[in-house]
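Novice: Starting off with a structure, shown below.
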Amino acid sequence: MNFYILDNDSKIIHLLSNIIENDFNNTVVGTASNPQQAYDDAMRLGIDIMFIDYAMPAMDGVQLIQKIQDSHHYPHFIMTAQAILPSVKTSAYQHGIDFFIEKPLNIAEVKSVIKLAAQNINMSNRLLQVLDLVSGAATNNNTVTINGKNKKKENAQSILRFLGITAGNGAPAINKLINTMIEREISFDEVNFEEFFQCDEHGKKIIFQRIRRDIKTGLNNLAHMCMDYPENDIILEYANNLYEYKNVHNEISFLKGERTNGGQVSLKHFFNGLIQEIN
């Protein structure tokens with residue numbers, strides 16, 4: 001995995017570099033102390049994950065991320081900052097960061113976040129390879145153009161990666177359903193599942209069971225993240241918009257052994273909430 005570090009503190013760069021390259025699968029391909037240099041490097045280097053400090057001169061971290069994405073480069077972003085407003089943190093997530101780490105850095109947290117980010121990328125790459133084989137989509141003519149709907153699909157995939165549900169048995173049906181809702185601009189209730197999946201009522205129930213199991217897995221993963229990062233705004237937003245917070249709370253209580261059953265999932269609430277998140 002190729003990493004890049006932007007920070008105006010050389011000690012932070014040294015610390016992050018040591019943590020990253022402690023795993024032989026990871027390489028720090030570049031570092032910078034000013035955002036313009038980081039932008040120039042992002043245009044020429046194959047970067048998988050960028051550590052970006054929010055408080056940079058001339059151009060803050062969020063502005064840099066937007067500038068990189070406007071140039072049609074889409075590395076994954078981990079933002080670091082010290083004592084910033086919740087609204088700024090929310091804006092950072094809305095502009096596409098995967099994780100936020102507060103300074104002073106906690107080594108254990110940094111290691112955990114790096115591991116999660118790498119797992120998300122690996123799962124996404126495997127899924128894309130499968131989809132390319134199935135659909136024959138890997139051609140030279142359609143690898144760079146990203147229109148509005150394709151960007152929404154990409155954002156939806158980022159959320160699914162975040163939840164850890166891109167590789168389950170229900171993943172193909174989940175992706176097909178999301179893509180159709182985006183392409184046709186319809187809600188969950190407007191989907192004709194018999195026509196959509198070419199199945200009868202029994203087949204529909206089987207497909208729903210697969211989807212429900214994966215979404216339940218996402219609820220379980222999100223509950224674990226809520227326990228580990230209780231003040232993470234994006235996790236709390238997903239908890240409410242995708243599952244309703246009461247269900248995440250019940251899942252947390254179940255994981256702690258305080259309940260005999262966990263939270264419930266609603267396909268309608270999940271898919272409509274997901275579309276709302278990416279619009």
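Note that the sequence shown covers residues 1 to 279 in UniProt numbering. Glycine included, every Cβ here is placed at the ideal spot set by N, Cα and C. Because the structure is a prediction, the values reported are computed rather than measured.
#1: What's the gap between the Cα of Phe3 and the Cα of Ser87?
#2: In angstroms, rounded to a whole number, what distance separates the CA positions of Ile65 and His202?
#3: Can you name the residues that DSSP bridges to Gly273?
#4: Does DSSP put Val28 in a helix, in a strand, or in coil?
#5: Taking the continuous alpha helix (DSSP H) assigned at Tyr238, which residues delimit it?
#6: Taking one C-beta from the segment 255-274 and one from the segment 206-218 each time, how about it: are there three or more such pairs within less than 8 Å?
#7: In three-state terms, what does DSSP make of Asn2?
#8: For Met50, does the three-state DSSP call read helix, strand or coil?
#9: Select from Ile235, His76, Met43 the residue whose C-alpha is nearest the C-alpha of Asn120.
#10: Might you give, ordered along the chain, the residues of its own chain that have their beta carbon closer than 6 Å to the beta carbon of Leu160, omitting 5 neighbours on each side?
#11: Give me the residue from Leu163, Ser17, Asn261, Glu195 with the minimum Cα distance to Lys176.
#12: If we count the other Cβ atoms within 10 Å of its Cβ and call it buried at 16 or more, is Lys152 buried or exposed?
#13: Which residues share a DSSP beta bridge with Ala81?
#14: List the whole-angstrom C-beta distance separating Ile275 from Met181, where the pair is believed to meet the contact cut-off of C-beta under 8 Å.
#15: Let me make sure I understand the geometry here. Which of Ser253, Glu258, Leu242 has the alpha-carbon closest to that of Asn272?
#16: Smallest Cα separation from Tyr74: which of Gly46, Leu6, Asp60, Met56?
#17: Tell me whether His76 sits in a helix, a strand or coil according to DSSP, three-state version.
Specialist: According to the structure shown:
#1: Cα-Cα distance, rounded: 27 Å.
#2: 46 Å
#3: Answer by DSSP bridge pairing: none, since Gly273 is not bridged.
#4: strand
#5: 233-238
#6: yes
#7: Shown here, Asn2 sits in a strand according to DSSP, grouped into three states.
#8: In the structure shown, the three-state DSSP call for Met50 is strand.
#9: His76
#10: Thr166
#11: Glu195
#12: That one is buried.
#13: Per the DSSP secondary-structure output, Ala81 pairs in a beta bridge with Glu102.
#14: 6 Å
#15: Leu242
#16: Ranked by how close their Cα comes to the Cα of Tyr74, the residues Gly46, Leu6, Asp60, Met56 have Gly46 in first place.
#17: His76: strand per DSSP, three-state reduction.
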